[in-house]
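> Just so you know, the sequence shown maps onto residues 39 to 442 in my numbering.
For every residue, glycine included, the Cβ atom is placed at its ideal position computed from N, Cα and C.
Have a look at the structure that comes next, please.
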Amino acid sequence: MFTQAFGPFSSLVDLTVLLDTADANKKHGFDVWNTAPNPSDAISKWKTWLDLPDTAKAAIERECDVGDIAAELDDTLEKHNLYSHLSLERKKILSDFDKEHAKYQPKKRKRVPDEVYDDPDIDAFKEKLENISLECWSLPPQADLFVRRALPFEHNALSKTKECKATSSKSLQAKDVLLYITVYDKSASHPYQVWKSSSHILPSTSTLEDIWNAIPCPAKEYPEEVLADDGSLVEFDTSRTTDRGPCFCVHGATYGDGGDAQYAQKVLDYLATCKVPPNRPRVTLKPGGLISDTTLDSLPLILHFPNWILHNGNCEHYFAVTHIRLRHPSDPVDGYPLTTHLTPVSRGLCRICDFVPASHAIVNDLRLDDSPFVVCKRCLDFLGEPTSYNDSRLVVPLVEHKTW
39 MFTQAFGPFS SLVDLTVLLD TADANKKHGF DVWNTAPNPS DAISKWKTWL DLPDTAKAAI
99 ERECDVGDIA AELDDTLEKH NLYSHLSLER KKILSDFDKE HAKYQPKKRK RVPDEVYDDP
159 DIDAFKEKLE NISLECWSLP PQADLFVRRA LPFEHNALSK TKECKATSSK SLQAKDVLLY
219 ITVYDKSASH PYQVWKSSSH ILPSTSTLED IWNAIPCPAK EYPEEVLADD GSLVEFDTSR
279 TTDRGPCFCV HGATYGDGGD AQYAQKVLDY LATCKVPPNR PRVTLKPGGL ISDTTLDSLP
339 LILHFPNWIL HNGNCEHYFA VTHIRLRHPS DPVDGYPLTT HLTPVSRGLC RICDFVPASH
399 AIVNDLRLDD SPFVVCKRCL DFLGEPTSYN DSRLVVPLVE HKTW
């Protein structure tokens, strides 16, 4: 399962050797960010370009210029009617492909045809697209073999890179290497599959605690229960959460946060006492340090190797280092960890109005069909307070994703 989800594992990566090799190359005049196969080739080609007459340079620049294409693309994106037309046409093509090859064909219903608007700009735009002479521009029927809808975790909720909060952000150091880390969660519908939930960029001097603070998880925001003297549940305190820190398992060692929960020690105690079938080897782990003191450059790093995180009961995550590179002059200095990908979270709609995302769940209300019953704040106020015959009703606030 791990090899299919995360890819083939690499050999052990030593960041110290990587930095020493880069420094040695710089001393010999080799620029690690030069894309040419040989620096001398790039220099000789640049000298050849400088020796050309101005008329030849101008002719080459005119031939290679793509300014007209860029201007037309920018103009199309800025005009909302043209961009909407392109988006709707693409969705229609994908929808037609899905309907043609669906395993179960839904019953055809009469649909009201879409209203047609007379827009001269769109008519001219459509005529321009139809007159494109490229044979690969239009999608033939065979293209459906190579087209599919994006999976939920392939959508990105971020329109730009998200920086960390200023109170906990890190800055790049001179000897830092940038690590690309991808976080995976277990699929709700397929418990033996994992889906990508977020992607982050961290300096090599970051700690495991920095990874933990960057990971978005609803279990971090579960409100704390307020109990009565007899142990019965009274309400939920949204100002306090039930999360008491994580346990990281990285290459045979456990790392905790040193809090009262001590998840790392509990994992070790469980593995020491649990019964293992005779045909299965016993999992052995050794205690590590604190996540606040353990830096990433002090750990054995293997690309695409999953590392396990446990917190808040049985909430599990996996994280893997997917890419390692040297610092580039264009990289930002502050704001790390950077979040580059965040899988959108689908929140259920209110069961009453069926329009606004639900914010609360109602338990044991005799007036409602199901328990729990999710509603929005406005519909909750409309229902009113519990009556005498409904004393056992309980209102539970849903996760607001404040840490996202």
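How long is the line joining the alpha carbons of Phe184 and His193, rounded to whole angstroms?
18 Å
> Could you spell out where the alpha helix (DSSP H) holding Arg416 opens and where it closes?
415-421
> Who pairs with Asn345 in a beta bridge, going by DSSP?
Phe357
> On the DSSP letters alone, give me the boundaries of the alpha helix (DSSP H) that Tyr230 sits inside.
Tyr230 -> no alpha helix (DSSP H), and no H or E assigned at all.
> Going by DSSP, which residues form a beta bridge with Val51?
Leu339
> Whole angstroms are fine: how far does the CA of Thr245 sit from the CA of Asp335?
9 Å
> Which runs of the alpha helix (DSSP H) at least 4 residues long sit entirely within the region 241-324? Give them in chain order.
246-252, 301-311
> Using 8 Å as the threshold, is the C-beta distance between Leu418 and Val215 below it?
Taking a C-beta distance under 8 Å as the contact criterion, Leu418 and Val215 do not qualify as a contact pair.
> Would you say Glu201 and Leu376 are within 8 Å of each other, going by their C-beta atoms?
yes
> Could you tell me the alpha carbon to alpha carbon distance between Pro229 and Tyr356, rounded to whole angstroms?
14 Å
> Alpha helix (DSSP H) containing Ile219: first to last residue?
Where Ile219 is concerned, there is no enclosing alpha helix (DSSP H), although the beta strand (DSSP E) it sits in stretches over 215-224.
> Provide the residue span of the alpha helix (DSSP H) that contains Pro435, from first to last.
Segment 432-435 is the beta strand (DSSP E) holding Pro435; no alpha helix (DSSP H) there.
> What does DSSP give as the partner residues of Phe411 in its beta bridges?
Ile400
> Looking only at C-alpha atoms, which of Arg405, Ser430, Ala302, Val383 sits nearest to Phe420?
Nearest in C-alpha terms to Phe420, of all of Arg405, Ser430, Ala302, Val383, is Arg405.
> With DSSP as the reference, identify every bridge partner of Lys200, one or two as the case may be.
Thr377
> The alpha helix (DSSP H) spanning Asp113 covers which residue range?
That run of the alpha helix (DSSP H) goes 105-116.
> Give me whichever residues DSSP pairs with Ile239 in a beta bridge.
Tyr218, Leu376
> Let's test the definition: count the other Cβ atoms within 10 Å of the Cβ of Cys170 and tell me whether it reaches 16, buried, or not, exposed.
Note that residue 170 is Ile in the sequence shown here, rather than Cys. Exposed: under 16 other Cβ atoms inside 10 Å.
> Measuring CA to CA, which of Ala302, Val314, His366 is closest to Leu348?
Ala302
> Between the C-alpha atoms of Thr199 and Asp159, what's the straight-line distance to the nearest angstrom?
Distance between the alpha carbons of Thr199 and Asp159: 34 Å.
> Out of curiosity, what's the CA-to-CA distance linking Thr378 and Leu88?
40 Å
> Identify the continuous alpha helix (DSSP H) that holds Cys102 and give its terminal residues.
92-102
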